[in-house]
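Novice: My questions all concern the structure below.
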Amino acid sequence: MTFVALLIKEMRLMTRRERTVWLMVGYIVLLGIIGWFELHSLGNTDWSSIGTILYTTLLIIQFVLVLFVTPAFTTTMINGEKERQTFDMLLCSRLSPAALIGGKLLSGLINALLLIVSSIPLFSLVFFFGGISPLQAFEALLIFAATALFLATFGIFCSSLVSRPAVSTALAYIFVLLWCGLPLLFYMLQLASGIANNGVAVVSSSGPGLNTVPAIPAPPFYLAWNPIVALFSTFSVGTTWAGPYQILHLHIMVWQLYLFISVLVSALLFAASMLRIRPEQRRSRDKRYLNKKPVEKPIETKVPVEA
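The sequence shown runs 3 to 309 under this note's numbering.
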C-alpha cells in the first residue's frame, strides 16, 4: 500500500459515514440560525456595529466547534486500527512511518478544514455591513487552520500513545480545556492579585533621531500560544491584545507568533508519533520474516532390514 492509496482509503471511509455528512449540514445550519437570530436582535443598530457583532458571534461559534470537532477525527486513527486488528497489515506494507502518520493525519485534517471552508460564504455576508476588513477575516482563517493542524496532530499522537480509543479521546479533550482555560485563569488570578500588568510594553520608533512613541502592548508571553488570545487579537485593534511582541528587534504580531508556535509543535508531535510506531513496525516485520523462514526438516535415516 502506498501513501496515496492509504489517503484515498481513509477519505472514502470518512465520506461514507453518515456522521460526517450530518455534522457538516448541522454545522452550517447552526451557524446560519444563530447568525439570523443575532441579526434580527440588533434592530436599528449602526451597520458597521452590526457587522462587527455578527462577525464576532460567528467567529466564537466556529472557534468552539473547531476546538471540539477536530480531535474527534484523529484520536482513534492508530488505536482504532489496533482494535480492528488491521494495524499489523499496515506496518507490514511498504508504508514508511512518515507516510502512515501523514496519511492518517491528512485525512482527518481535510475533514476539519472542510468544515472551516464551508463556513466562508456565511462570513462573507459580514462584509455587506462593514466593520470588518478582509485582512482580519483572513487572519482568523489562518488561526483556525493552525489550530486544526495542531489539534489533529495531537490527536494522532494520543492515538499512538494510548491503546484504548476512549482514553485517547478523553485525553485530547482534557488537554483542549486546559490549553484554552488554564493560561487565562492564571492571568486573571495575577490581575486580581495586582501582579500582572495589561501587557508587555513595546516601544516603536519611526526612524533614527526621531521621537519614539509607545506601541500597543502585547499580552504576556505565556498567553502567546493561547488560541482565544490569538483569535481576539485579529480584530481587537487598539486594545492591549493586538500589540506586537519585540523579538530580536522584530515586531511580531500575536497571531503571527501563535501560527509559528502551532506549526512548530505540530511538527514535533508528528515526529514523536513516528517514533512511537517505528519499534512496532520493526517488530511486525521481524515477525513476518520469522513466519516466512522455512523450517528445516529432520533428516531421516533408513536402516536396512535384514532378510
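Don't be surprised by glycine CBs; every beta carbon is placed ideally from N, CA and C. Note that the structure is a prediction, hence the values are computed from the model and not measured.
1. Kindly indicate which residue of Gly104, Lys11, Gly37, Gly28 has the alpha-carbon position closest to the one of Ser268.
2. Determine the extent of the beta strand (DSSP E) in which His253 is found, giving its start and end residues.
3. Strictly by DSSP, which residues pair up with Gln248?
4. With Cys160 and Thr77 assumed to form a contact (beta carbons below 8 Å), what rounded beta-carbon distance in angstroms separates them?
5. Kindly indicate which three-state DSSP category Arg14 falls into: helix, strand or coil?
6. With C-beta atoms as the reference, is Ile80 less than 7 Å away from Ser165?
7. Are Phe237 and Gln138 touching if we call contact CB-CB under 7 Å?
8. For the structure I just gave you, are there three or more beta carbon pairs, one from the segment 137-155 and one from the segment 34-53, closer than 8 Å?
9. By the DSSP assignment, the alpha helix (DSSP H) with Leu117 in it spans what residues?
10. What residue from Ile176, Leu143, Tyr189, Thr155 has the CA that sits closest to Leu61's CA?
11. Out of Val128, Phe223, Ile118, which one is the CA nearest neighbour of Leu67?
12. Specify the secondary structure class of Ala220 as computed by DSSP and reduced to three states.
13. Would you call the segment 28-47 and the segment 116-131 in contact, with 3 or more CB pairs under 8 Å?
14. Looking at the secondary structure, which residues open and close the alpha helix (DSSP H) in which Trp227 lies?
15. When we look at the beta-carbon of Tyr2 and count the other beta-carbons within 10 Å, is it buried (16 or more) or exposed?
16. Please list the terminal residues of the continuous alpha helix (DSSP H) segment that includes Thr76.
17. List the endpoints of the continuous alpha helix (DSSP H) containing Ile134.
18. Use the C-beta contact count for Leu107: other C-beta atoms within 10 angstroms, 16 or more gives buried, fewer gives exposed.
19. Closest to Gly53 by C-alpha separation, out of Gly132, Leu93, Ile10, would be which residue?
20. How would you label Val23, buried or exposed, when you count the other beta carbons within 10 angstroms and need 16 or more for buried?
21. Near Ala154, what residues of its chain come up, given a Cβ to Cβ distance below 7 Å and the 5 sequence neighbours on each side ignored?
22. Which of the three DSSP states is assigned to Ala309 in this structure?
23. With H, G and I counted as helix, E and B as strand and the rest as coil, what does DSSP make of Cys182?
24. Using a 10 Å radius around the Cβ and a threshold of 16 neighbouring Cβ atoms, would you call Ser170 buried or exposed?
25. Excluding the 5 residues flanking His120 on each side, which residues of the same chain have their C-beta closer than 8 Å to its C-beta?
26. Do Pro99 and Met276 have their C-beta atoms closer together than 7 Å?
27. How would you write the range of the alpha helix (DSSP H) that Phe237 sits in, first residue to last?
28. Use the C-beta contact count for Val231: other C-beta atoms within 10 angstroms, 16 or more gives buried, fewer gives exposed.
29. Quick check on DSSP: helix, strand or coil for Ser268?
30. Under 8 Å Cβ to Cβ from Ile55, same chain only, skipping five residues before and after it: list those, please.
Specialist: Judging by the given coordinates:
1. Here residue 268 is taken as the residue at index 266 of the sequence shown, counted from 1. The option with the nearest alpha carbon to Ser268 is Gly104.
2. For this step, residue 253 is matched to residue 251 along the sequence shown. Looking at the DSSP string, the run of the beta strand (DSSP E) that includes His253 is 252-254.
3. What you label residue 248 is simply residue 246 of the sequence shown in a count that begins at 1. Per DSSP, His253.
4. By 1-based counting over the sequence shown, the position of residue 160 is 158. By 1-based counting over the sequence shown, the position of residue 77 is 75. Their Cβ separation, rounded to whole angstroms, is 6 Å, which keeps Cys160 and Thr77 in contact under 8 Å.
5. The count along the sequence shown starts at 1 and reaches residue 14 at position 12. Of the three classes helix, strand and coil, the one that applies to Arg14 here is helix, per DSSP.
6. Along the sequence shown, one-based indexing puts residue 80 at 78. Along the sequence shown, one-based indexing puts residue 165 at 163. For Ile80 and Ser165, no; Cβs fall outside 7 Å.
7. Indexing the sequence shown from 1 puts residue 237 at position 235. Indexing the sequence shown from 1 puts residue 138 at position 136. Against a cut-off of 7 Å, the Cβ pair of Gln138 and Phe237 comes out as a contact.
8. no
9. Residue 117 sits at position 115 when you count from the first residue of the sequence shown. 99-120 is the extent of the alpha helix (DSSP H) around Leu117.
10. Walking along the sequence shown from the start, residue 61 turns up at place 59. Answer by Cα proximity: Leu143.
11. As a first step, residue 67 must be located in the sequence shown, where it is residue number 65. Of Val128, Phe223, Ile118, the residue nearest in Cα terms is Ile118.
12. Within the sequence shown, the letter at position 218 stands for residue 220. Strand, per DSSP.
13. yes
14. Against the sequence shown, residue 227 aligns to sequence position 225. Element bounds for Trp227: n/a, residue is neither H nor E.
15. In the structure displayed, the chain extends from 3 to 309; residue 2 sits before or after that span and is not available.
16. Stepping through the sequence shown from its first residue, residue 76 is reached at position 74. Element bounds for Thr76: 49-76.
17. If you number the sequence shown from 1, residue 134 lands on position 132. Neither: Ile134 is in no alpha helix (DSSP H) and is coded neither H nor E.
18. Walking along the sequence shown from the start, residue 107 turns up at place 105. Leu107 should be labelled buried.
19. Here residue 53 refers to the residue found at position 51 of the sequence shown. Considering only alpha carbons, the answer is Gly132.
20. To locate residue 23, count along the sequence shown from 1; it is residue 21. Exposed, by the Cβ-count rule.
21. For the purposes of this step, residue 154 is taken as the residue at position 152 of the sequence shown. Counting only Cβ-Cβ distances below 7 Å, and skipping sequence neighbours, we find Thr72, Phe75, Thr76, Leu107, Gly110, Leu111, Ala114.
22. Taking the first residue of the sequence shown as 1, we reach residue 309 at position 307. Note on Ala309: pLDDT 48, under 50, position unreliable in the model; no value is reported.
23. As a first step, residue 182 must be located in the sequence shown, where it is residue number 180. Here Cys182 sits in helix by DSSP.
24. Residue numbering aside, residue 170 sits at position 168 when the sequence shown is read from its first letter. The residue in question, Ser170, is buried, as its Cβ has 16 or more Cβ neighbours within 10 Å.
25. Taking the sequence shown and counting its residues from 1, one reaches residue 120 at position 118. The question names His, yet the displayed sequence has Ser at residue 120. Only Met26, Tyr29, Ile30 meet the Cβ criterion.
26. As a working mapping, residue 99 is identified with position 97 in the sequence shown. As a working mapping, residue 276 is identified with position 274 in the sequence shown. Taking 7 Å as the Cβ cut-off, Pro99 and Met276 qualify as a contacting pair.
27. Residue 237 sits at position 235 when you count from the first residue of the sequence shown. Phe237 -> no alpha helix (DSSP H), and no H or E assigned at all.
28. Position 229 of the sequence shown, counted from the first residue, corresponds to residue 231. Buried: at least 16 other Cβ atoms inside 10 Å.
29. As a first step, residue 268 is located in the sequence shown; it is residue number 266 there, counting from the start. Helix.
30. Locating residue 55 in the sequence shown gives position 53, where the first residue counts as 1. Cβ neighbours of Ile55 beyond the five flanking positions: Glu40, Leu44, Thr47.
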